[in-house]
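Participant:
Chains as they are written, first to last, in my numbering: chain W, 44 to 385; chain U, 44 to 385.
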């Protein structure tokens, strides 16, 4: 088989060095791994053949910089790994296509549904999924509390947010009011302000806390947005807002949910989904349209979505075994110290 | 050289697998690495020759369990890696000595000075070190604010606490009051309640937020509490409450501070020290008498305190090169996925 070499660029590569390793294996020597990040100390740089420090995502030079870099380095595909990168790259998809670079990213509309937790809420509701009651107004929240439609504890967090940044648990009205004001101020001081400026008066989300156990899904569509597969994992430990340990499980119920979600959203590539299950009640909490901190637990159990993505880019079909996981595989993230400069 | 084999047991080994690797290298094949943790999914178990799930630290069977395990496995030395483990093991030191097991831990008094942030405060002040103004009473805090002795922002956190658990930043009086009550409730619901029960009415610490850049020290004493050396690192990134990236630096000022601190405290082994430097103003924030999340950055730069500890246990002198770091070495923690069961 004569496979053409293919250079890949990972943007906002951050701490996801393991993902670059997966793609390196998938390339099997036929292409280079490039990593881009605005911080020169990203540990993923240690896993790349070449790495580049970029302007900040919201800098006007960000897209021109990546375009120039892609041309100069014959980048065949860009794989963004950070939420706020997605809408920016989604909007620039055709400009990159013109220079021969495929961005593995959904439409701007899909990126917005995932990044804006209020849009996530209405998307899920209108498609018949359970999701926790959500508010962006303090008055509406207090009203719903008074009418016993919701109850404490409530989560107060940035409407456009990610990970555990600014996530607070309010157990009473005093905390609710204080956290609401605090999150609003914090959003304005952080890079979350860029997306939040769309609707500053509704930049804080107040949400019913879900009971039950947390699960994570990888819901995979191909590059045309057609459903391919779903992997289900039970989360066993969290750290710094991401899955730190998990076990792959067999669940027809959650696989069906993944398939239904994929059909409704029509995203491209991997959709990382956070789910709470209490008794038979399944609620969806968050959608993130990128490889998340939970994907490596699927990969550990035999999945190989990086190989599948490379096949789709080449116009080929992935091998069936890349699209399945063994059930009952438990994994954990381990810390390793690496030298950046000596 | 005929060195006797030596089995080592690491308690509360948690995520510190890299530390077990350092000691494995130091043993150089002459002894076993044992890891103990109350959670069977501790990633450090993957770095041990043998691992054992223990009762919880505050369980009455914890010490009897470890004693029995130490005898059965001919454990020569125990190295605890978790703050709340330290006072419990410090109190049991002679019982272990009777069965031939050395615990690398300070006296109960030193353990208390480090774990109780109010004791840390008075220890530092009475020995002439700068440390942020600290209060355990809301009334005293409001009074100090009114008299302009302190100003917002203030940190509100558990007096007996660790890492980033329950650490809140209050920017005004409303937040201060809400966080004070919240931390008090959280302490009572977590395992922090055991130490906090000593003085429940003063279980929350309110502290002036320090300005400046954060540094970390490893202040090393030998097993008799005599000062040996200090390593200085500038912290470059934090994650989940611990140092995620750092660079070793040369600072006579901070080394002198380490030496003075070691003399005043008389601890045993490694003392992990958090420091803020603003202009020429140096303040000490926390003392943790164990290998901390910052030690690997010293090790990366050439230090080898594990080797030194083994030498001291054998009654030998460490090689001088184990007690020095190269300056300007930058390290980062990287995430690696490992399989716990398949």
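Note that beta-carbon positions come from the ideal geometry of N, C-alpha and C, so glycine has one too.
For residue 349(U), collect the residues of the same chain with a Cβ closer than 6 Å to its Cβ; drop the 5 residues on either side in sequence, then sort them by chain order.
Facilitator: So the qualifying residues of the chain are 65, 66, 69.
Participant: State yes or no: is the beta carbon of residue 238(U) nearer than 7 Å to at least one beta carbon in chain W?
Facilitator: False, the Cβ-Cβ gap to chain W never drops below 7 Å.
Participant: Measure the C-alpha to C-alpha separation of residue 232(U) and residue 204(U) and round it to an integer number of angstroms.
Facilitator: Straight-line Cα distance between these residues: approximately 13 Å.
Participant: With a cut-off of 8 Å on the beta carbons, I'd call residue 287(U) and residue 355(U) a contact; round off their distance for me.
Facilitator: Not confirmed; about 30 Å, so no contact.
Participant: Going by other Cβ atoms of all chains shown within 10 Å of its Cβ, with 16 needed for buried, is residue 165(U) buried or exposed?
Facilitator: Classification for residue 165(U): exposed.
Participant: Leaving out five residues before and five after residue 213(U) in sequence, what residues of the same chain have Cβ atoms less than 7 Å from its Cβ?
Facilitator: Excluding residues within five positions, the ones whose Cβ falls inside 7 Å are 195, 196, 197, 199, 219, 222.
Participant: Given a cut-off of 7 Å, decide if residue 268(U) and residue 337(U) are closer than it, judged by their beta-carbon atoms.
Facilitator: No, they are not a contact pair.
Participant: Return the residue from the list 274(W), 245(W), 334(W), 310(W) that minimises the CA-CA distance to residue 366(W).
Facilitator: Of 274(W), 245(W), 334(W), 310(W), the residue nearest in Cα terms is 274(W).
Participant: Rounded to the nearest angstrom, what separates residue 103(U) and residue 124(U) at their Cα positions?
Facilitator: So the alpha carbons of these two residues sit roughly 20 Å apart.
Participant: For residue 190(W), count neighbouring C-beta atoms within 10 Å of its own C-beta (all shown protein chains included) and say buried if the count is 16 or more, exposed if not.
Facilitator: Classification for residue 190(W): exposed.
Participant: CB-CB under 6 Å to residue 78(U), same chain, minus the five flanking residues each way: which ones, in chain order?
Facilitator: Here the set comprises 53, 56, 87, 88, 91, 94.
Participant: Out of 47(W), 361(W), 319(W), 376(W), point me to the one whose CA is closest to residue 340(W)'s CA.
Facilitator: Checking every option, the nearest Cα to that of residue 340(W) belongs to 376(W).
Participant: Closer than 7 Å, CB to CB, is residue 54(U) near chain W or not?
Facilitator: No - not a single Cβ of chain W is within 7 Å of the one on residue 54(U).
Participant: Do you know how far the Cα of residue 227(W) is from the Cα of residue 239(W)?
Facilitator: The alpha-carbon atoms of residue 239(W) and residue 227(W) are separated by roughly 10 Å.
Participant: Between residue 312(U) and the rest of its own chain, which residues show a CB-CB distance below 6 Å, the 5 nearest in sequence each way excluded?
Facilitator: So the list reads 147, once near-sequence residues are dropped.
Participant: How would you call residue 130(U), buried or exposed, if buried means at least 16 neighbouring beta carbons within 10 angstroms?
Facilitator: Buried.
Participant: For a quick check, are the C-beta atoms of residue 253(U) and residue 326(U) less than 7 Å apart?
Facilitator: Their beta carbons are under 7 Å apart, which means residue 253(U) touches residue 326(U) by this criterion.
Participant: With DSSP collapsed to three states, give me the class of residue 201(W).
Facilitator: Correct three-state label for residue 201(W): strand.
Participant: Taking the alpha-carbon positions, what's the residue 175(W) to residue 183(W) distance?
Facilitator: Straight-line Cα distance between these residues: approximately 15 Å.
Participant: Leaving aside the five residues before and after residue 81(U) along the sequence, list all residues of the same chain whose C-beta is less than 6 Å from its C-beta, in chain order.
Facilitator: Same-chain partners within the cutoff: 97, 99.
Participant: Determine, using beta carbons only, whether residue 136(W) comes closer than 7 Å to chain U.
Facilitator: Chain U contact via Cβ: absent.
Participant: Please report the residue range of the beta strand (DSSP E) in which residue 79(W) lies.
Facilitator: 76-80 is the span of the beta strand (DSSP E), which, as asked, contains residue 79(W).
Participant: Return the Cβ separation of residue 230(U) and residue 179(U) in integer angstroms, given the expectation that the two are a contact with Cβ distance under 8 Å.
Facilitator: No, residue 230(U) and residue 179(U) are not in contact; Cβ-Cβ is about 12 Å, not under 8 Å.
Participant: Is there at least one Cβ from chain U nearer than 7 Å to residue 343(W)'s Cβ?
Facilitator: Yes, its Cβ sits closer than 7 Å to a Cβ of chain U.
Participant: Are the region 112-126 of chain W and the region 286-303 of chain W touching by the rule of at least three beta carbon pairs closer than 8 Å?
Facilitator: No, they do not touch.
Participant: List, in order along the chain, the chain U residues whose C-beta lies closer than 7 Å to that of residue 217(W)?
Facilitator: Ordered by position in chain U, the residues that pass the 7 Å Cβ test against residue 217(W) are 221.
Participant: By a C-beta neighbour count over all protein chains shown, 10 Å radius and 16 as the cutoff for buried, is residue 388(W) buried or exposed?
Facilitator: This structure does not reach residue 388(W), given that chain W is present from 44 up to 385, and the question cannot be answered.
Participant: Taking only beta-carbon positions, decide if residue 380(U) is within less than 7 Å of chain W.
Facilitator: Output row for residue 380(U): interface = yes.
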